[in-house]
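K.L.:
Below is the structure I would like to discuss, written out as structure tokens.
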Amino acid sequence: MPYKVFFTHTFEKKLAKSEKSFQIRVDKILDRLMENPFTGKPLDVPWFREKKLGKQRIYFLVYEELKSVYLVNLSEKKDQQAIINSIRLLLDIYKKEIKELLKKKI
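Take any residue in the sequence shown, note its place counting from 1, add 122, and you have its number in the working numbering.
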């Protein structure tokens, strides 16, 4: 069964500001994430990952028990550690958000 993919508002906003060619590349990655969410580089734990696309990094959380992937942020290398730290602080909030999104989707 394929995974469902969701985005935070932050991710959507940053993606909308990106070049069209980058957005197309992200679309292709989304298709792959639905089939194999454990792509990209794990960040300390298997369910927190990053996927590098050129100068940009896509940060996402894999909720295996919910069969869902949550794309939470996007940044350049120079902002990488700050973004990773902020995601770690917001893990509980992201979990609540993904559960709400799944309820709405049903």
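Glycine included, every Cβ here is placed at the ideal spot set by N, Cα and C.
Taking S143 as the reference, which of K221, Q178, L183 has the closest Cα?
P.N.:
Among K221, Q178, L183, the Cα nearest to that of S143 is on Q178.
K.L.:
I'd like to check one pair, L196 with L133: are the Cβ atoms closer than 8 Å?
P.N.:
Note that residue 133 corresponds to Phe in the displayed sequence, not to Leu. Their beta carbons are under 8 Å apart, which means F133 touches L196 by this criterion.
K.L.:
Determine whether the beta carbon atoms of T130 and Y185 lie at a separation below 8 Å.
P.N.:
Not closer than 8 Å, so no.
K.L.:
Leaving aside the five residues before and after S190 along the sequence, list all residues of the same chain whose C-beta is less than 7 Å from its C-beta, in chain order.
P.N.:
Closer than 7 Å at Cβ, skipping near neighbours: Y125, K126, F128, I220, L224.
K.L.:
Have a look at M123, L213, A204, K218 and flag the residue whose alpha-carbon is nearest the alpha-carbon of W169.
P.N.:
Taking only the C-alpha atoms, the option nearest W169 is L213.
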